[in-house]
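Accompanying notes for the structure given below.
Numbering (this note's numbering), first residue to last: 51 to 287.
So this is what it looks like as structure tokens:
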């Protein structure tokens, strides 16, 4: 994380893309996007170059217009999509930072993508993952970081793929995957899909020798014979 002192900038202001004035010192006060931060100290105020909504002065962290006195200013740092201080792990939602419950900042690590884990729990995009993942073994799949695997289970978007054989599982397309027996669209299993004859057609469309699928659902009024990319594209419009 790189902090830049606001008072050291020309005209004591920082203007980002599209002419947005994120931070400024005017009338002896710190301003963020046109609103005054009454408690912020202009002489020591800095903003984060990697995250323009973050600032700090000598005593406190600020997120946009919110003063965050419960965050430890000196130990506050970024770890992937997560933020840590001495006592907590935080996730940045659109308008706020929230401390995650029952997370150990001492053992917390960024797994990759939106995944994070400590010694006892795993998290995806700020929410606790279900399925009792093996936290220390959890790894993101480099081919697509929406997926993660702990050696026994596979996760998509933080959700477990039910019944998956992790050792045989592989990514087939951007959103389809399979393990030689089961097929999945995202985290959802394709009902009654025949793996040996299944193939991807286009986008969220696929088929096997018996059925046509859209996402994970069987489309009963379509026959697999003759169902091709042209028809799938027309149905996707």
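Heads up, the beta-carbon is just placed ideally off N, CA and C, and yes, glycines get one too.
1. Exposed or buried, residue 65, counting other C-beta atoms within 10 Å across all chains shown (16 or more means buried)?
2. Hey, quick one: how far does the beta strand (DSSP E) through residue 227 stretch, first residue to last?
3. Let me know if residue 70 comes out buried or exposed under the rule of 16 or more other beta-carbons within 10 Å of its beta-carbon.
4. Residue 69 by DSSP, collapsed to three states: which one?
5. At what residue ranges does the stretch 218 to 258 contain a whole run of the beta strand (DSSP E), taking only runs of 3 or more?
6. What are the boundary residues of the alpha helix (DSSP H) that residue 279 is part of?
7. Any idea which residues DSSP pairs residue 104 with across the strands?
8. With a threshold of 16 other CB atoms inside 10 Å of the CB of residue 246, please say whether the residue is buried or exposed.
9. Looking only at its own chain, which residues have a Cβ that is under 6 Å from the Cβ of residue 129, when we skip the five neighbours before and after it?
10. Since residue 181 and residue 150 are thought to touch, with beta carbons under 8 Å apart, how far apart are those beta carbons, to the nearest angstrom?
11. Using only the alpha-carbon positions, how far apart do residue 250 and residue 100 sit?
12. Per DSSP, what kind of secondary structure is residue 170 in: helix, strand or coil?
13. State the DSSP-derived secondary structure class of residue 155, mapped to helix, strand or coil.
14. If we call anything under 8 Å between Cβ atoms a contact, is residue 23 one with residue 122?
15. Per DSSP, what kind of secondary structure is residue 138 in: helix, strand or coil?
16. Can you give me the Cβ contacts of residue 86 inside the same chain, cut-off strictly under 7 Å, excluding the 5 residues immediately before and after it?
17. Which residue's Cα is closest to the Cα of residue 58: 68, 73, 67 and 51?
18. Thinking just about the alpha-carbon of each residue, which of 194, 283, 53 and 68 is nearest to the one in residue 104?
19. Rounded to the nearest angstrom, what separates residue 147 and residue 191 at their Cα positions?
20. Say whether chain D places a C-beta atom closer than 8 Å to the C-beta of residue 280.
21. Excluding the five sequence neighbours on either side, which residues of its own chain have a C-beta within less than 8 Å of the C-beta of residue 137, listed in chain order?
22. Could you check which residue in 92, 261, 267 and 266 has the C-alpha nearest to that of residue 277?
23. For residue 230 versus residue 215, is the C-beta distance shorter than 8 Å?
24. Looking at the ligand MN, does it come within less than 7 Å of residue 212, judged from the CB to the closest heavy atom?
Short version:
1. exposed
2. Start and end: 226 to 228.
3. exposed
4. helix
5. 226 to 228, 233 to 235, 249 to 252 and 255 to 257
6. 279 to 286
7. 113
8. Classification for residue 246: exposed.
9. 160
10. So it is not a contact: roughly 18 Å between Cβ atoms.
11. 40 Å
12. If DSSP states are grouped into helix, strand and coil, residue 170 belongs with coil.
13. Note: residue 155 maps to coil in three-state DSSP.
14. The chain is shown from 51 up to 287; residue 23 falls before or after that span and cannot be answered.
15. Residue state for residue 138 is assigned as coil, using DSSP reduced to three classes.
16. Taken in chain order, the residues that qualify are 79.
17. 73
18. It is 53.
19. 27 Å
20. Absent from the structure: chain D. Only one protein chain is present.
21. Counting only Cβ-Cβ distances below 8 Å, and skipping sequence neighbours, we find 122 and 155.
22. Residue 261 holds the alpha-carbon nearest to the alpha-carbon of residue 277 among 92, 261, 267 and 266.
23. yes
24. In the structure shown, the ligand MN is absent, as is every other ligand, since no ligand is present at all.
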